[in-house]
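**Q** Mind the numbering: the sequence shown is residues 146 to 299 in the numbering used here, read in order. In this text, a Cβ means the ideal position worked out from N, Cα and C, and glycines have one as well.
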Amino acid sequence: MFAGSAVAKFLLWAIQAIGAVGMTIISMLGYYEGVPGLRDIPFVGKIPVIREFIVGRVEIERGRAADAAREGYVARSELTAAKAEAERYRLQAVQNAIFAADARRQAEDASARLKRKLSEQEKLNDEDTDPGVSRWRQYDLDRLYGKPAAEPHR
Numbered sequence: 146m147f148a149g150s151a152v153a154k155f156l157l158w159a160i161q162a163i164g165a166v167g168m169t170i171i172s173m174l175g176y177y178e179g180v181p182g183l184r185d186i187p188f189v190g191k192i193p194v195i196r197e198f199i200v201g202r203v204e205i206e207r208g209r210a211a212d213a214a215r216e217g218y219v220a221r222s223e224l225t226a227a228k229a230e231a232e233r234y235r236l237q238a239v240q241n242a243i244f245a246a247d248a249r250r251q252a253e254d255a256s257a258r259l260k261r262k263l264s265e266q267e268k269l270n271d272e273d274t275d276p277g278v279s280r281w282r283q284y285d286l287d288r289l290y291g292k293p294a295a296e297p298h299r
């Protein structure tokens, strides 16, 4: 109870010394700019009215403005990063389409060569009317010995 009466006595003395207008000005200054010594008192931040006096209204609003600016900056940087990633995926899709077209062309060329060789072999097989079918040709012997075989011919 002693501390409460001491604070009350101090406030009454301060009001008498500088007047009501002076106390109002000091209170407003403390409210807007904060009172640095208050944050040293334990658990003073738990009192709702005093919480405004610890930091000050100006500093609180400055912090809110800084948070809003950071949020806007983060949103812009995320948007820029997303656009860059989308462009990278678009370029990758174009490159994949080029690779796919090239692979299709190579597959068609290989298929055409294979069909041409098969038709040539079928033509050679159709032309081969020799009754001695079991006779070994040089082409067959080269294949058995593992030599690079020349094209079959008659």
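(1) Check the C-beta distance from residue 180 over to residue 198 and give it rounded, since I have them as a contact under 8 Å.
(2) Give a yes or no on whether the C-beta atoms belonging to residue 201 and residue 178 are separated by under 8 Å.
(3) Apart from the five residues on each side of it in sequence, which residues of its chain come closer than 7 Å, Cβ to Cβ, to residue 162?
(4) Tell me whether the beta-carbon of residue 173 lies closer than 8 Å to the beta-carbon of residue 160.
(5) If you draw a straight line from the alpha carbon of residue 264 to that of residue 292, how long is it in whole angstroms?
(6) For residue 146, which three-state DSSP category applies?
(7) With a threshold of 16 other CB atoms inside 10 Å of the CB of residue 146, please say whether the residue is buried or exposed.
(8) With a CB to CB cut of under 6 Å and the five nearest residues on each side skipped, what residues in its chain are close to residue 283?
(9) Give me the Cα-Cα distance between residue 170 and residue 221, rounded to the nearest whole angstrom.
(10) Would you kindly work out how many angstroms separate the C-alpha atoms of residue 150 and residue 185, rounded to a whole number?
(11) Grab the span of the alpha helix (DSSP H) containing residue 219 for me, first residue to last.
(12) Classify residue 293 as helix, strand or coil using the three-state DSSP reduction.
(13) Let me check understanding here. Comparing Cα to Cα, which of 188, 223, 227, 176 lies closest to residue 205?
(14) Given this structure, state the Cα-to-Cα distance separating residue 236 from residue 210, to the nearest angstrom.
**A** Considering the structure as presented:
(1) 5 Å
(2) yes
(3) none
(4) no
(5) 24 Å
(6) A caution first: residue 146 carries a pLDDT of 48, below 50, which makes its placement in the model unreliable, though a value can still be read off. Note: residue 146 maps to coil in three-state DSSP.
(7) With a pLDDT of only 48 at residue 146, under 50, the local geometry of the prediction cannot be trusted, and no value is derived from it.
(8) none
(9) 42 Å
(10) 21 Å
(11) 202 to 272
(12) coil
(13) 176
(14) 39 Å
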